[in-house]
Amino acid sequence: MKKQDHWTAFWKQGHTTTFGDFFKEGYRGAIGQWLVDQQEQWPKTGTLLDIGCGNCGLLTGLLASNSRLDYIGLDPAEIAINEHANNFLMTRSNNVSLVTGRGAEETGLADVAVDVAVSVFGFEYSDTNAAAEELARVLKPRAPFSFLLHHSDSVVTRMSGRALAEYQEEDVKAVLAALHTISERAERVALAELKNDAAAEVARLQLNDLASRYLGQRSQDDTNVTMFEFMTSALRFFQIVKKPLQERLAFISDLQMEYDHYCARFRQMISVAADETAVHQLLEHFVKLGFEVKAPQALMDERGLLAWEISGRKLAG
Ligand SMILES: C[S@@+](CC[C@H](N)C(=O)[O-])C[C@H]1O[C@@H](n2cnc3c(N)ncnc32)[C@H](O)[C@@H]1O
24 MKKQDHWTAF
34 WKQGHTTTFG
44 DFFKEGYRGA
54 IGQWLVDQQE
64 QWPKTGTLLD
74 IGCGNCGLLT
84 GLLASNSRLD
94 YIGLDPAEIA
104 INEHANNFLM
114 TRSNNVSLVT
124 GRGAEETGLA
134 DVAVDVAVSV
144 FGFEYSDTNA
154 AAEELARVLK
164 PRAPFSFLLH
174 HSDSVVTRMS
184 GRALAEYQEE
194 DVKAVLAALH
204 TISERAERVA
214 LAELKNDAAA
224 EVARLQLNDL
234 ASRYLGQRSQ
244 DDTNVTMFEF
254 MTSALRFFQI
264 VKKPLQERLA
274 FISDLQMEYD
284 HYCARFRQMI
294 SVAADETAVH
304 QLLEHFVKLG
314 FEVKAPQALM
324 DERGLLAWEI
334 SGRKLAG
């Protein structure tokens, strides 16, 4: 499976940003304010490149602030413009285009085609040295860039670590195997007979045990959210147990794939998060390539550290 497939699966579910409930309609709070502040330093017209754009949450923010910038969203995954941005676009004349199937290392854009580059947790997923070189090629002289990068100590990185730690692989495998057994037995005996079928009954009891472990959790503090959600999804199988075999098998395989993607995305997030040394090394590379850079800042919100904030501009000559 390709790296971008994990993100394609996520964006196809229609999310606007990676942070679900926190930023349902785009960026708010500290990230929203960061975007407003950055815009004050950017040109007011021209072309903005959003690196690792996902479903274009950043475009929503731009349009909400009446920006006149044209927008290119770039992402190796299959992505789409979210509905909030699309609603804005009905009454706006900004040119908007998407480049999918390409990463920041090789954008396919023309030399000096871009007036401002921005990225919210996208740039760091690339080979950042190669992507910085590509950025130097596509940016116009004096054009600014503003990036938020995953911070190794951020709330997001900690939440990703927690989600991965909560994932109980053995129990997930047991649930999938039990669903397969019930599905297979349902093919052999009439549905009404299923509860008298020994193998189906063992599988059902096993599911019951796991359901009461993960769905009957006592307090919010010790709730295993990942497994709560997994079990909730798995039990929807009983809504389709009377459907044809093919549909039941598709349900089980989608469930398995969803959780494979889920873990892979969290692993990626953690692996690309930068500590102070890494972020300084990256900025040194930018300087070698002819950028002027500001000192990195830690972006905070009321929950704590959110991201590294890096910015600068390509020098004139
Ligand atoms: C954490 S998501 C952020 C998406 C979006 N900017 C947001 O804030 O909602 C990271 C994105 O980076 C993309 N990505 C992965 N590798 C990349 C690369 N080499 N170049 C650019 N983007 C990449 C992923 O496909 C994914 O959509």
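According to the working numbering, the residues represented by the sequence shown are 24 to 340, in order.
Here a beta-carbon is modelled for each residue, glycine too, at the ideal position from N, C-alpha and C.
| query | result |
| --- | --- |
| Beta-carbon contacts of residue 74 that lie in its chain and below 6 Å, excluding the five residues immediately before and after | 97, 127, 142, 145, 146 |
| Cβ-based neighbour list, residue 326, same chain, cut-off 8 Å, excluding 5 preceding and 5 following | 178 |
| Cβ-heavy atom distance, residue 285 to ligand 1, below 7 Å | no |
| Residues that DSSP places opposite residue 337 in a beta bridge | 314 |
| Assigned exposure category for residue 254 - 16 Cβ within 10 Å defines buried | buried |
| Heavy atom of ligand 1 within 7 Å of residue 95 beta-carbon | no |
| Residue from 181, 239, 260 with nearest C-alpha to residue 227 | 260 |
| Residue 137 CB to nearest heavy atom of ligand 1 below 7 Å | no |
| 8 Å contact criterion, which residue 101 and residue 31 should meet: CB distance rounded | 4 Å |
| Beta-carbon separation (whole angstroms), residue 139 vs residue 69, contact threshold 8 Å | 7 Å |
| Straight-line Cα distance separating residue 78 from residue 112 | 14 Å |
| Per-residue burial, residue 27 [other beta carbons within 10 Å of its own, 16 or more giving buried] | buried |
| Inter-residue spacing [alpha-carbon to alpha-carbon] between residue 61 and residue 99 | 25 Å |
| Residue 148 beta carbon less than 8 Å from that of residue 295 | yes |
| Collapsed DSSP secondary structure at residue 86 in the structure displayed | helix |
| Residue 252: CB within 7 Å of a non-hydrogen atom of ligand 1 | no |
| Residue 82 beta carbon less than 8 Å from that of residue 104 | yes |
| Within 8 Å, strictly: CB atoms of residue 316 and residue 329 | no |
| Residue ranges of each beta strand (DSSP E) within the region 201-276, 3 or longer | none |
| Identified DSSP bridge partners for residue 167 | 336 |
| Under 8 Å between C-beta atoms of residue 204 and residue 222 | yes |
| Residues near residue 129 by beta carbon distance below 7 Å, same chain, minus five either side | 157 |
| Residue 72 versus residue 94 - alpha carbon distance | 6 Å |
| Same chain only: Cβ atoms within 8 Å of residue 122, ignoring 5 sequence neighbours per side | 95, 96, 97, 98, 130, 131, 132 |
| Continuous alpha helix (DSSP H) stretch holding residue 182: start and end | 178-189 |
| C-alpha distance - residue 321 paired with residue 161, whole-angstrom precision | 27 Å |
| Start-to-end residues for the alpha helix (DSSP H) that takes in residue 31 | 26-35 |
| Any non-hydrogen atom of ligand 1 closer than 7 Å to residue 168 Cβ | no |
| Simplified DSSP state of residue 331, which is helix, strand or coil | strand |
| Check whether residue 206 and residue 125 have beta carbons under 8 Å apart | no |
| Local conformation of residue 140 per DSSP, three classes | strand |
| Residue 293 beta carbon near ligand 1 (any heavy atom closer than 7 Å) | no |
| Proximity of residue 38 and residue 287 at Cβ, strictly below 8 Å | no |
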